[in-house]
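Report on the structure given below.
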Amino acid sequence: PCPCGDRFLITREDLENGEDVATCPSCSLILRVIYDKEQFMRDEVIAEPLTNKELVKC
4 PCPCGDRFLI
14 TREDLENGED
24 VATCPSCSLI
34 LRVIYDKEQF
44 MRDEVIAEPL
54 TNKELVKC
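The sequence shown begins at 4 in our numbering and counts up one residue at a time.
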């Protein structure tokens with residue numbers, strides 16, 4: 004948590020896109036996320052795109 008009482012905001016998608024700066028939505032404090040990019044993506048399973056046959060009409 005941030006010293007101001009709020010929580011820093013960064014998404015997994017941000018990290019996957021190389022964004023490593025988390026911001027606090029309530030104050031000006033920012034922090035850099037330090038992580039091993041190779042280990043972060045190692046266990047990642049990328050889903051195959053759906054084919055037309057698999058699409059469901061809603």
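Just so you know, even glycine gets a beta-carbon here, dropped at the ideal spot from N, CA and C.
Does DSSP classify residue i as helix, strand or coil?
i          : result
residue 34 : strand
residue 17 : helix
If you measure between the beta carbons of residue i and residue j, is that distance less than 9 Å?
i          : j          : result
residue 10 : residue 30 : no
residue 15 : residue 23 : no
residue 43 : residue 12 : no
Have a look at the DSSP bridge pairing and note the partners of residue i.
i          : result
residue 12 : 26
To the nearest whole angstrom, what separates the beta carbons of residue i and residue j, a pair I think is in contact under 8 Å?
i          : j          : result
residue 25 : residue 33 : 7 Å
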